[in-house]
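Only one structure is covered here, and it is reproduced in the block below.
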Amino acid sequence: MTNVIIRYDPLRRVDWFRASVLIVGFAIVRTEIIVLFFATVLHLWNIDRNRNMAAQKDNPVADWPYSSNSSDNEKGNDTDTSQPETADPITAPPAIQFDNPKGWIAVAAAACSLFVYLGVIYSWGIMQVRLVEVTGTNLTTLTFVGSLATSFMISLSVLSGIAVRKLGYQKTALAGGILMGLGEFLASWTTKHVGALFVFHGVIFGIGGGLSIFACSTAPLRWFKRHRGLAMGIVFGGGSLGAAVISIATNLLVRQVDVAWTFRILGFMLWGVCIPASYFIQQPEGSMNAGLKLQWYRFREPRFLLIIAGTALSCFPLFIPPYFIPIFTRSMGYSQQIAIIILAAWNLASTVGRVLGGYTADHLLGPLNSLIVCLLFIGLSSLVVWPLASSVGIFSIFLVFNGIGCGAFFSLVPPMLGATLGPENTLGVLPIVWTTWFCGFFFGTPIASGIYSLAGSSTDNSLSVFRPAAYYAGGMSIIGLLFIIYIRFILQSRILACI
-18 MTNVIIRYDP LRRVDWFRAS VLIVGFAIVR TEIIVLFFAT VLHLWNIDRN
32 RNMAAQKDNP VADWPYSSNS SDNEKGNDTD TSQPETADPI TAPPAIQFDN
82 PKGWIAVAAA ACSLFVYLGV IYSWGIMQVR LVEVTGTNLT TLTFVGSLAT
132 SFMISLSVLS GIAVRKLGYQ KTALAGGILM GLGEFLASWT TKHVGALFVF
182 HGVIFGIGGG LSIFACSTAP LRWFKRHRGL AMGIVFGGGS LGAAVISIAT
232 NLLVRQVDVA WTFRILGFML WGVCIPASYF IQQPEGSMNA GLKLQWYRFR
282 EPRFLLIIAG TALSCFPLFI PPYFIPIFTR SMGYSQQIAI IILAAWNLAS
332 TVGRVLGGYT ADHLLGPLNS LIVCLLFIGL SSLVVWPLAS SVGIFSIFLV
382 FNGIGCGAFF SLVPPMLGAT LGPENTLGVL PIVWTTWFCG FFFGTPIASG
432 IYSLAGSSTD NSLSVFRPAA YYAGGMSIIG LLFIIYIRFI LQSRILACI
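Residues -18 to 480, numbered by this note's numbering, are exactly what the sequence shown covers, in order.
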């Protein structure tokens, strides 16, 4: 076996240090341009809004009690109509304007943050291939490092909700951005020690990601009612697009500067994008955080238990494709570069799924029907298409349908909760539901990796060794799908109903 040795000289290190600075600078400039554009739009919108408010200053709204703050209503504090008629209307809290153009600024900032964060998450499959050689550790152990970081995405949901309630969205997102960059930067100095990777990438980066993704994914929910699904699709679609772009960039960086400098560059990018973007991740003016109070009493409701069972089982296979696509492509006889391109194609399909899923939930099928179609795509593509894939042509069918399904799942769950439990209760139950996904996020991919190993991966290079893992992924999706279908027919027995 020929060992590939990467040699570095001082001049080459200086060149790549400059290259890393340019990459980080480009990320910062891109973020600032996006923010400046939306800030300009906001400024123009505020000018028009101030003109309208000045025109209506002497004509207060007559039905003010009926436009009370939704967060106040959640607490049961209805607007007091017994106040004297001479009370100054200016002192009353402003009503929340849902589907406000200003909300798209929060959506854009959240999408930028998830562009980098999920890009790093989905690139771990590339990093771990090189880390197997550097650390001498088996693939399953390194898979657990990536799964640990991924699991914090949802296991911290309850604590992240408390942080948002106490500190606000901006400070929570800022803390998340700082911790994510710090974790990757510290991991760059310990690439030969698996235990340190568990701490720095798995825990520190993971905790930062948990804080950041909660703020990014729930802040848009406070702004929108009619376009809630589309807003969530754009936010998570930014993450899928980042996974496609950063996975290719990570592969190039690992080949050119090795894994340590790749960790550092990713850390600088996290700092350069997530910290500035956190300033624009905020809730609407006049809204309150009372709606974030967790509704633990929902565990007494059978419908809520069915939701937890269906979504928790369905999330087991969500991260299996990005880990196995490079390995499967190499087993078909293609190069590592082709494998990365195919992985990027799956991520692009995931981007389409997240945006398209949100749109169909808002305007076509409804959240529950859209989630059923999404899980059907995941299950059938894993059970029927992947086991039969012997060429790129057949495998491409799996990439498209599985990518769309896995991507749409994330953007469809929040509006689905609103459709089944009431939109005003979404933020009270979403952290609880996400927390129950821990087992799927942490054990889903390692279980598939273990099944793949038991099937004879170390001695057999045929494609048949991937079939047990594919059947496992598809089976978990179908089981979760059955729970969601049952919930759908409890709410509405008509097959063609939009729900």
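Glycine residues also receive a C-beta, built at the ideal position from the N, C-alpha and C atoms. None of these values were measured; they are calculated from a predicted model.
Tell me where the alpha helix (DSSP H) around residue i begins and ends.
i: L192; result: G187 to T199
i: C355; result: P348 to L361
i: Y278; result: It is not in any alpha helix (DSSP H) - Y278 carries neither H nor E in the DSSP assignment.
i: V366; result: Where V366 is concerned, there is no enclosing alpha helix (DSSP H), given that its DSSP letter is neither H nor E.
i: E526; result: This structure leaves residue 526 out entirely; the chain is present only between -18 and 480.
i: N383; result: V373 to L402
i: L472; result: R448 to L472
i: C420; result: F419 to L435
i: S445; result: That residue, S445, is in no alpha helix (DSSP H); it is neither H nor E in DSSP.
i: T121; result: L120 to S136
i: H344; result: Q317 to H344
i: I262; result: No alpha helix (DSSP H) holds I262; DSSP gives it neither H nor E.
i: R311; result: I301 to S312
Use the C-beta contact count for residue i: other C-beta atoms within 10 angstroms, 16 or more gives buried, fewer gives exposed.
i: F470; result: exposed
i: F280; result: exposed
i: P307; result: buried
i: G403; result: exposed
i: I86; result: buried
i: H344; result: exposed
i: N119; result: exposed
i: Y453; result: buried
i: W277; result: exposed
So, for residue i: in the same chain, excluding its five sequence neighbours on each side, which residues have a beta-carbon less than 8 Å away from its beta-carbon?
i: E165; result: V101, F181, H182, F186, F244, R245, L247, G248 and L251
i: I459; result: L356, G360 and L364
i: K173; result: V115 and T116
Taking the CB atoms as reference points, tell me whether residue i and residue j lie closer together than 8 Å.
i: T199; j: L435; result: no
i: S228; j: A325; result: yes
i: L129; j: F423; result: yes
i: A90; j: A224; result: no
i: T292; j: W418; result: yes
i: P265; j: N81; result: yes
i: Y150; j: A196; result: yes
i: C479; j: G347; result: yes
i: P427; j: T121; result: yes
i: L463; j: A400; result: no
i: I385; j: I466; result: no
i: F305; j: A429; result: yes
i: I476; j: A450; result: no
Check whether the Cβ of residue i lies closer than 8 Å to any Cβ atom in chain C.
i: A429; result: The displayed structure is made up of one protein chain only, and chain C is not part of it.
Among the residues of its own chain, which have a CB less than 7 Å from the CB of residue i, if the five just before and after it don't count?
i: V88; result: P201, A212, I215 and V216
i: F379; result: S362, V366, W367 and A370
i: T310; result: I319, A320 and I323
i: W415; result: I135 and S138
i: I289; result: V414 and T417
Tell me which residues share the same chain as residue i and place their Cβ nearer than 6 Å to its Cβ, disregarding the 5 neighbours each side in the sequence.
i: L337; result: none
i: N123; result: The question names Asn, but residue 123 is Leu in the sequence shown. Around L123: Q109 and L112.
i: R209; result: P396
i: I468; result: L287
i: S104; result: I227, S228 and T231
Say the cut is 7 Å; is the CB of residue i nearer than that to a heavy atom of the ligand FMN?
i: L140; result: As far as ligands go, the structure on display features none, and thus does not contain the ligand FMN.
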